[in-house]
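This report concerns only the one structure given below.
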Amino acid sequence: MREGGAEQRSADEAVAGSMDEVAQETLPSGFAAIDWSKPWFAQLGPRGQRWQQAALSSYADLLATMNADATEMRQTTGRGQRLAFIAQDDLPPGAAYEAHIASTGCVPTRHNLHDFFNGSMWFAFPRIKAALNARQSAELDVLGVGPTRGGVRDMLTLFDENALLFACADPSLSAALRGFDWRTLFVARRAEWGRNCEVRCFGHALLEKLIAPFKGCTGHAWIVDVPAGYFAWDTAARNAWLDETVSAALLGTDALTSRVFAPLPVLGIPGWWPDSEAPAFYDDTSVFRPGRRKS
Numbered sequence: 001m002r003e004g005g006a007e008q009r010s011a012d013e014a015v016a017g018s019m020d021e022v023a024q025e026t027l028p029s030g031f032a033a034i035d036w037s038k039p040w041f042a043q044l045g046p047r048g049q050r051w052q053q054a055a056l057s058s059y060a061d062l063l064a065t066m067n068a069d070a071t072e073m074r075q076t077t078g079r080g081q082r083l084a085f086i087a088q089d090d091l092p093p094g095a096a097y098e099a100h101i102a103s104t105g106c107v108p109t110r111h112n113l114h115d116f117f118n119g120s121m122w123f124a125f126p127r128i129k130a131a132l133n134a135r136q137s138a139e140l141d142v143l144g145v146g147p148t149r150g151g152v153r154d155m156l157t158l159f160d161e162n163a164l165l166f167a168c169a170d171p172s173l174s175a176a177l178r179g180f181d182w183r184t185l186f187v188a189r190r191a192e193w194g195r196n197c198e199v200r201c202f203g204h205a206l207l208e209k210l211i212a213p214f215k216g217c218t219g220h221a222w223i224v225d226v227p228a229g230y231f232a233w234d235t236a237a238r239n240a241w242l243d244e245t246v247s248a249a250l251l252g253t254d255a256l257t258s259r260v261f262a263p264l265p266v267l268g269i270p271g272w273w274p275d276s277e278a279p280a281f282y283d284d285t286s287v288f289r290p291g292r293r294k295s
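Just so it is clear: in the sequence shown, position 15 is 15 by this note's numbering, and no numbers are missing.
What follows is the structure, given as structure tokens:
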């Protein structure tokens, strides 16, 4: 999330301690580095690959392709404006990024991976993105743009930039995640993944970091309690349910703080990284840290 075209620092510096303060222009080779076989990128499907080819062609082609999809989808932003993507230079000087999106529907977009993945989330989870924009713009209405975002906007920024959706049908697995019980979550109950829990990458800065994955890469997990039948649904139905449920929670919850998240080292997710097949992978306490929480 950006303001006046420049990202603030307070929440960004808190995102796993490693997020770039401002995404730089991405060379075409950067877009070429997206490996669609990776599970965190595979969720973006054929649309992502079409956008990649457009981005490799030119900035103008990327915006045109994104806008063609937006026109077809008829998605709206936080205040019901029709979604569109504009060049970063078209953001009026001094305009607040989220407020501009809410009032016009136009998302300022740079020719880089950070904004590529941000745009992708407007299609993967459109209701969640609209809910985040609605809450952010409402906070701006009250507090204005200042040197810091404040607690609610920090939380919303962490979600937008670095969230994972941890869908879970078994409360004991959610408890293991909240309790930093990595051995239970990833080793002893490894077979439960895909049957009683799973993850979707949402944060666009997290996806950008996963271009070059590293063991310590950690997301902010938002735990979603799902019904028992969830894992019998196809992927599209699961994503639609998550989109509706999480967006409703974001809009309907007054107490939004960063404490709602649970840290989750991404490469520890079963099936997401070859080295994690060995139980010893989880012995690294610099990544799989013992918890400090009581619940």
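Cβ coordinates follow ideal geometry from the N, Cα and C atoms, glycine included.
With H, G and I counted as helix, E and B as strand and the rest as coil, what does DSSP make of residue i?
i: L165; result: strand
i: P265; result: strand
i: I223; result: strand
i: V296; result: In the structure as shown, the chain starts at 1 and stops at 295, and residue 296 therefore has no counterpart that could be examined.
i: T65; result: helix
i: W193; result: strand
i: P274; result: helix
i: T76; result: strand
i: T285; result: coil
i: T257; result: coil
i: M19; result: Unreliable positioning characterises M19 in this predicted model, as indicated by a pLDDT of 39, which lies under 50. The coordinate reading is nonetheless provided below. In the structure shown, M19 sits in coil (DSSP, three-state: anything other than H, G, I, E or B).
i: G291; result: coil
i: A11; result: Note that A11 scores 39 on pLDDT, short of 50, meaning its location in the model is unreliable; the coordinates nonetheless yield the value given after this. Residue state, collapsed to three classes: helix.
i: P279; result: helix
Between the options, which lies nearest to residue i when the distance is taken from Cα to Cα?
i: T218; options: A54, F159 and A134; result: F159
i: R74; options: R259, D275 and R127; result: R127
i: V224; options: V260, A131, D89 and L267; result: V260
i: F166; options: D35, W222 and A248; result: W222
i: N133; options: Q88, R79 and L44; result: R79
i: R189; options: A240, W51, P279 and S37; result: P279
i: A255; options: L156, S137, V142 and M121; result: L156
i: F214; options: V107, W273 and A54; result: W273
i: E198; options: D181, L164 and D115; result: L164
i: T77; options: S103, P92, A87 and R153; result: S103
i: T235; options: I86, R200 and D89; result: R200
i: S37; options: G30, G45 and F31; result: G45
i: C168; options: F85, A248, D35 and L242; result: L242
i: D154; options: S258, E208, D284 and I269; result: S258
i: N162; options: W193, A130 and F202; result: F202
Expressed to the nearest angstrom, what Euclidean distance is found between the alpha-carbon atoms of residue i and residue j?
i: P263; j: R289; result: 10 Å
i: L56; j: L63; result: 12 Å
i: G48; j: R195; result: 27 Å
i: F281; j: D275; result: 7 Å
i: E21; j: H204; result: Bear in mind that the predicted position of E21 carries a pLDDT of just 36, short of 50, making it unreliable; the figure below should be weighed with that in mind. Spanning the two alpha carbons is a distance of roughly 13 Å.
i: P39; j: L206; result: 13 Å
i: G151; j: T109; result: 26 Å
i: G271; j: A212; result: 17 Å
i: G296; j: L185; result: Residue 296 lies beyond the residue range present for the chain, which begins at 1 and ends at 295; the question has no answer from this structure.
i: V226; j: R238; result: 9 Å
i: L250; j: R183; result: 31 Å
i: F322; j: E139; result: One cannot answer for residue 322 here, as it falls past the ends of the chain, which runs 1 to 295.
i: S286; j: L173; result: 22 Å
i: L83; j: A191; result: 40 Å
i: A23; j: A68; result: Only weak support is given to the placement of A23: the predicted model assigns it a pLDDT of 43, under 50, and the value that follows is read from those uncertain coordinates. Roughly 25 Å separates the two Cα atoms.
i: P171; j: G105; result: 38 Å
i: R266; j: A87; result: The identity of residue 266 in the sequence shown is Val, whereas the question assumes Arg. Taking the straight line joining both Cα atoms gives about 32 Å.
i: A32; j: Y59; result: 14 Å
i: A6; j: L91; result: Residue confidence is low: A6 scores 37 on pLDDT, short of 50, so the model does not pin down where it sits. Its coordinate-derived value is still stated next. C-alpha separation (whole angstroms): 11 Å.
i: H111; j: A124; result: 20 Å
i: E277; j: F41; result: 20 Å
i: W51; j: A228; result: 35 Å
i: W193; j: A232; result: 13 Å
i: F85; j: Q136; result: 18 Å
i: T253; j: W122; result: 21 Å
Under 8 Å, Cβ to Cβ, is there at least one residue of chain D near residue i?
i: A237; result: Reference to chain D is not applicable here, since this structure consists of a single protein chain.
Q. Would the segment 165 to 177 and the segment 90 to 106 be scored as touching if the rule is three or more Cβ pairs under 8 Å?
A. With the cut-off at 8 Å, the segment 165 to 177 and the segment 90 to 106 do not touch.
Q. Residue ranges of each alpha helix (DSSP H) run of no fewer than 4 residues wholly in the segment 79 to 121, ordered along the chain?
A. As far as the segment 79 to 121 is concerned, its whole alpha helix (DSSP H) runs of at least 4 residues are 97 to 104.
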